[in-house]
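Numbering (the working numbering), first residue to last: 184 to 302.
Ideal Cβ positions, reconstructed from N, Cα and C, are used throughout, including at glycine.
Here's the structure, in C-alpha cells; my notes come after.
Right, dumping it as C-alpha cells:
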C-alpha cells in the first residue's frame, strides 16, 4: 500500500466529516481537512506547504473557479485534483499530463486520445 497525502477542502459539515472518516481509515494515508471558509488563497498556500498527492474539493460557487484548478495543476503537475458534487453523485478527476512529441503524428495521436509512447 503506497503512502498518500490528501487534502480535503470543504465546509465543516457532515459530508466532509464522513469523507475524512473513510479516507483516514487507510493506514498509510495522511489526510488533512481544511475549511473552505478560509478561502482559496489559504488552500493554495497549504498545497504549497504540504505537497499533497491529491486535493479533494467540493463543488460550490466558490470552487467552480477555474483559477484554483489551473493554478494548482500548473504549479503542481504531479497533483491529482478531485471535485466532488454531492448533489449529483459524481467526482471529476483532473491531472496534468506532459507528453513529449517528436513528430506531427504524435500530436495527431494525442488529439485523438490514442497516443502511446514508444519505450
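Beta-carbon contacts of residue i that lie in its chain and below 6 Å, excluding the five residues immediately before and after
{"i": "residue 215", "result": "190"}
{"i": "residue 251", "result": "223"}
Option nearest residue i by Cα separation, candidates the options
{"i": "residue 220", "options": "260, 193, 208", "result": "193"}
{"i": "residue 238", "options": "210, 295, 203, 211", "result": "203"}
Start-to-end residues for the beta strand (DSSP E) that takes in residue i
{"i": "residue 273", "result": "273-278"}
{"i": "residue 230", "result": "It is not in any beta strand (DSSP E) - residue 230 instead sits in the alpha helix (DSSP H) that spans 223-233."}
{"i": "residue 265", "result": "263-268"}
{"i": "residue 237", "result": "237-241"}
Residue span of the alpha helix (DSSP H) that contains residue i, given as start and end
{"i": "residue 203", "result": "197-207"}
Sequence-distant residues of the same chain with beta carbon closer than 8 Å to residue i, five excluded per side
{"i": "residue 225", "result": "217"}
{"i": "residue 285", "result": "none"}
Neighbourhood of residue i by C-beta distance below 7 Å, restricted to the same chain and skipping five residues each side
{"i": "residue 276", "result": "263, 265"}
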